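Student: Please see the structure below; I have some questions.
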Amino acid sequence: MNASPWHRTLLRQMARTGLIPDDVTDERFAALLQRVSLSYDDADKQRYLHDRAFSLASQEMQDLYDRLQEASQSEATVQRDRLKAVFDTAATGLIVLEDNGQIFDLNPVAEMILGLDHDTQVAEPIGSVLVTADPEDPSTVDLQHAIATGENWRCSDVLLMTRTGTLSASLLFRPMASGGGVLAIEDITERKKAQAELIWRANHDSLTGLQNRASLVDQINRGLQRARRYGTSVAVLFIDLDRFKRVNDTLGHAAGDVLLVECARRIGSAIREVDTIARIGGDEFVVLCENLTTDSAARERDTREIATRIIKAVDEPFMLDGTPAYVEASIGITFSQGSPVGPDTLLRDADIALYEAKQSGGSALAFYDDSMIDRMQYALELERQLRRALPTDELWMAYQPILALDGDNVIGYEALARWNSPQGPIGPEEFIATAETAGLLNDLGRRLIRRSLHFLKDLPGDLRLFINMSPSQIAADGIIEWFDEALEDTGADPRRLVIEITETAALADFRIGQRLAEFQSRGIAIALDDFGSGHSSLSSLRTLPLNLIKLDRSFLNSTVDDPRAESLARMLCDLGHALGISIVAEGIEDDDQRRFAQDMGCQYGQGILLGPPTTADQALEHAARHV
980 MNASPWHRTL
990 LRQMARTGLI
1000 PDDVTDERFA
1010 ALLQRVSLSY
1020 DDADKQRYLH
1030 DRAFSLASQE
1040 MQDLYDRLQE
1050 ASQSEATVQR
1060 DRLKAVFDTA
1070 ATGLIVLEDN
1080 GQIFDLNPVA
1090 EMILGLDHDT
1100 QVAEPIGSVL
1110 VTADPEDPST
1120 VDLQHAIATG
1130 ENWRCSDVLL
1140 MTRTGTLSAS
1150 LLFRPMASGG
1160 GVLAIEDITE
1170 RKKAQAELIW
1180 RANHDSLTGL
1190 QNRASLVDQI
1200 NRGLQRARRY
1210 GTSVAVLFID
1220 LDRFKRVNDT
1230 LGHAAGDVLL
1240 VECARRIGSA
1250 IREVDTIARI
1260 GGDEFVVLCE
1270 NLTTDSAARE
1280 RDTREIATRI
1290 IKAVDEPFML
1300 DGTPAYVEAS
1310 IGITFSQGSP
1320 VGPDTLLRDA
1330 DIALYEAKQS
1340 GGSALAFYDD
1350 SMIDRMQYAL
1360 ELERQLRRAL
1370 PTDELWMAYQ
1380 PILALDGDNV
1390 IGYEALARWN
1400 SPQGPIGPEE
1410 FIATAETAGL
1420 LNDLGRRLIR
1430 RSLHFLKDLP
1440 GDLRLFINMS
1450 PSQIAADGII
1460 EWFDEALEDT
1470 GADPRRLVIE
1480 ITETAALADF
1490 RIGQRLAEFQ
1500 SRGIAIALDD
1510 FGSGHSSLSS
1520 LRTLPLNLIK
1530 LDRSFLNSTV
1540 DDPRAESLAR
1550 MLCDLGHALG
1560 ISIVAEGIED
1570 DDQRRFAQDM
1580 GCQYGQGILL
1590 GPPTTADQAL
1600 EHAARHV
């Protein structure tokens, strides 16, 4: 027999069961196979592989039952046994139905799916055991019609009420030539759950459970449509966490994940019920605010209120394994207004405004305006120029003397970064901030520190060199080893080196103190810069390994007219002396300030009056005269 026109799977399964009889003519059997094969080919075109396999099982049962009716009595007994074996072991639930819709037989899988008992359910109408969860669902009515008319019928997804609970099922009915038919049933509950899980994962952030970027873009599109329909406005708030990288670097990524989850919760509690929150990056969140007024002043007021609540919520300390961690939120805000805009434009403008907020020092918000694009382009150009300038002599170090206030003896010099770009000098506040934003600060800092160490080697006597380091530089992996190598390469004496760190930065991360202690163990002194400008000066004296403190210049500028500031300055100096810490007064610009600093008990001073920043050669000449 030529099997090529017929469905190979059917032939293979019937051959395995021995159901190809010898006494049936090839033509008759060929006609049957041809008819069955056509049905299979049609099902193959309509369903995926899973559905084709499902259809195959029911079609084979139909053919087996039809063949059983045609066989002789002796053959029927043999074939019935073989059929029963296939029927009982089929992976698909199978229910054989009479032409009146009553159950003639069902296999164990069908019993399990529907929670039925074979002996009690035989001869029961199929409608009594196949009950839809929705009374309005026409599935069972359509099935009864298919049974009555002898038509093929399929229902890909129906919710059924069974004795064991509710389940989603796929149903397929195939009529038999002898009447009635075979109903195939498959429990697709787990498959639907898996599909739903995949859909959820495609639209949500796996860590926080918030919407992801793709889902957010869809939500913004729908929000814009609603705004046009109802004459309202939407706002996009782009949120970035300041100092989050420090948490990851010091406490580990697991702690960082905990912080992000809690941060998502706090932001969610700070916004309105109609607003949408999404996480679109590592520490980046976006809030979509809908149903805002088109009045610009009222809209800005309402949005500012929401953003302020978010900032306050994020500013509260995060307890991570009993350790407080601090991050801040910067927020850029833009509105849908004027000409039609899309999600990409709103997200871009909010991101630009975010950059503006971060430039202001963090824990701030900024509303987008067109002028920000020019500033953004300038910042990008500045970053490009900075990358180009890193290996050149455009970046250099100036050195400002630090003197003893009871005379003119120089005790050391502070190294100050300078940049003479082709467009002119650029202040350190500007290019250092650019370097930090662009991730260039560590590279920049190490290049300049090496130059300063060469200067230190050339300094006469026991004069010291003061260098500034940021928290990210101190916390960077391998910084201690790098310092050891740089000191050895340059021949600089670590005992003549002083590392300066600002009070706010030092207290932002408890591990900074541990790293400073490692520097100190190598003979390097630690100075706390801008002392008294923060809110935890007393805590700084208690927790940090300090050798010197540099009194913030604001005290010298305010003490003349503010007795309370003078009293505070004197108290801080007395505490420093009691702890054996030397004190340097910063920003001395005239003789009155010098006398006041000395009267408060400051041993050393720094400022224009005592000497401006100069080049390395000028500083060495100055040192030779004052050593």
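Note that this note's numbering numbers the sequence shown so that position 177 is 1156, with each residue one more than the last.
Glycine included, C-beta positions come from ideal geometry on N, C-alpha and C.
A quick note: this is a predicted structure, and the numbers were derived from the prediction, not measured.
1. Residue 1579 lies in the alpha helix (DSSP H); which residues open and close that run?
2. How should residue 1359 be labelled, buried or exposed, when 16 other C-beta atoms within 10 angstroms of its C-beta is the threshold for buried?
3. Quick check on residue 1147: does DSSP put it in helix, strand or coil?
4. Counting only runs that start and end within the region 1413-1483, where is the beta strand (DSSP E) found for 3 or more residues in a row?
5. In whole angstroms, what separates the C-alpha of residue 1124 from that of residue 1212?
6. Out of curiosity, what's the CA-to-CA distance linking residue 1091 and residue 1256?
7. Going along the chain, which unbroken runs of the beta strand (DSSP E) with 3 or more residues stay wholly within the region 1186-1257?
8. Where do the N-terminal and C-terminal ends of the beta strand (DSSP E) with residue 1404 fall, by residue?
9. Compute the beta-carbon to beta-carbon distance between residue 1259 and residue 1195, rounded to the nearest angstrom, for a pair I have assumed lies under 8 Å.
10. Take residue 1472 as the anchor and find which of 1431, 1458, 1162 has the nearest alpha-carbon.
11. Which whole-angstrom value is the C-beta distance of residue 1264 and residue 1312, which I expect to be below 8 Å?
12. Check each candidate in 1378, 1362, 1274 and name the one with the smallest Cα separation from residue 1597.
13. Can you list, in chain order, the stretches of the alpha helix (DSSP H) that have 4 or more residues and sit fully within the region 1318-1349?
14. Is residue 1189 closer than 7 Å to residue 1243 when the C-beta atoms are compared?
15. Would you mind giving the Cβ-Cβ distance between residue 1286 and residue 1216, rounded to the nearest angstrom? I have them listed as a contact below 8 Å.
16. What's the call for residue 1184, buried or exposed, on a 16-neighbour Cβ count within 10 Å?
17. Taking only the alpha-carbon atoms, compute the straight-line gap between residue 1382 and residue 1601 and give it to the nearest angstrom.
18. Looking at C-beta atoms only, is the number of pairs between the region 1158-1169 and the region 1071-1091 that lie closer than 8 Å three or more?
19. For residue 1094, count neighbouring Cβ atoms within 10 angstroms of its own Cβ and tell me buried if that reaches 16, exposed if not.
20. Could you work out which residue in 1446, 1470, 1455, 1340 is closest to residue 1479 when comparing CA atoms only?
21. Return helix, strand or coil for residue 1004, following the three-state DSSP convention.
22. Are residue 1336 and residue 1309 closer than 7 Å when you measure CB to CB?
23. Rounded to whole angstroms, how far is the Cβ of residue 1200 from the Cβ of residue 1322, which I believe are closer than 8 Å?
24. Output needed for residue 1555: all residues of its chain with C-beta closer than 6 Å, excluding positions within five of it in sequence on either side, in chain order.
25. I think residue 1133 touches residue 1151, with their Cβ atoms under 8 Å apart; what is that distance to the nearest whole Å?
26. Among the candidates 1349, 1348, 1333, whose CA atom is the shortest distance from the CA of residue 1342?
27. Roughly how many angstroms lie between the CA atoms of residue 1384 and residue 1606, to the nearest whole one?
28. If we ignore side chains and look at the alpha-carbon of each, how far apart do residue 1177 and residue 1148 end up?
29. Assuming residue 1139 is part of the alpha helix (DSSP H), what are its boundary residues?
30. What residue range does the alpha helix (DSSP H) around residue 1174 cover?
31. Give a yes or no on whether the C-beta atoms belonging to residue 1511 and residue 1531 are separated by under 7 Å.
32. From residue 1266 to residue 1340, what distance separates their C-alpha atoms?
33. I'd like to know if the region 1248-1255 and the region 1282-1297 are in contact, where contact means that at least 3 CB-CB pairs between them fall below 8 Å.
34. Straight-line CA distance for residue 1549 to residue 1589?
35. For residue 1397, which of helix, strand or coil comes out of DSSP?
36. Run through DSSP, which three-state label would residue 1307 get?
Tutor: So, to answer that:
1. Residues 1570-1579.
2. The residue is exposed, with fewer than 16 neighbouring Cβ atoms inside 10 Å.
3. Note: residue 1147 maps to strand in three-state DSSP.
4. If one requires a minimum length of 3 residues, the beta strand (DSSP E) runs lying completely within the region 1413-1483 are 1443-1447, 1476-1481, in chain order.
5. Straight-line Cα distance between these residues: approximately 53 Å.
6. Roughly 44 Å separates the two Cα atoms.
7. The region 1186-1257 is shown to contain whole beta strand (DSSP E) runs of 3 or more residues at 1212-1221, in chain order.
8. Run containing residue 1404: 1403-1405, per the beta strand (DSSP E) assignment.
9. With 8 Å as the limit, residue 1259 and residue 1195 qualify as a contact, their Cβ atoms being about 6 Å apart.
10. When only C-alpha atoms are compared, the closest one is 1431.
11. No, residue 1264 and residue 1312 are not in contact; Cβ-Cβ is about 13 Å, not under 8 Å.
12. The shortest C-alpha separation from residue 1597 is found at 1378.
13. Taking 4 residues as the minimum length, the alpha helix (DSSP H) runs contained wholly in the region 1318-1349 are 1322-1338, in order along the chain.
14. Against a cut-off of 7 Å, the Cβ pair of residue 1189 and residue 1243 comes out as a contact.
15. Contact between residue 1286 and residue 1216 is confirmed by a C-beta separation of about 6 Å, below the 8 Å threshold.
16. So residue 1184 ends up on the buried side.
17. If you draw a straight line from the Cα of residue 1382 to the Cα of residue 1601, it comes to about 12 Å.
18. The region 1158-1169 vs the region 1071-1091: in contact.
19. With fewer than 16 other Cβ atoms within 10 Å, it is exposed.
20. When each option's Cα is compared against that of residue 1479, the closest is 1446.
21. Confidence at residue 1004 is low in this model, with a pLDDT of 48, below 50, so the placement of that residue is unreliable and no value is reported for it.
22. For the 7 Å CB-CB criterion, residue 1336 and residue 1309 form a contact.
23. The Cβ separation is near 6 Å, so the contact holds.
24. Short of 6 Å from the beta carbon of residue 1555, and not among the five residues preceding or following it, lie these beta carbons of its own chain, in chain order: 1528, 1562.
25. The Cβ separation is near 5 Å, so the contact holds.
26. Ranked by how close their Cα comes to the Cα of residue 1342, the residues 1349, 1348, 1333 have 1333 in first place.
27. Answer to the nearest angstrom: the Cα atoms are 15 Å apart.
28. Here the alpha carbons of residue 1148 and residue 1177 stand approximately 19 Å from one another.
29. For residue 1139, there is no enclosing alpha helix (DSSP H); the residue is part of the beta strand (DSSP E) that begins and ends at 1132-1141.
30. Element bounds for residue 1174: 1168-1182.
31. Going by C-beta atoms, residue 1511 is nearer than 7 Å to residue 1531.
32. Those two C-alpha atoms are separated by around 21 Å.
33. Short answer: they touch.
34. Distance between the alpha carbons of residue 1549 and residue 1589: 22 Å.
35. Look at residue 1397 here: in three-state DSSP terms it is strand.
36. Strand, per DSSP.
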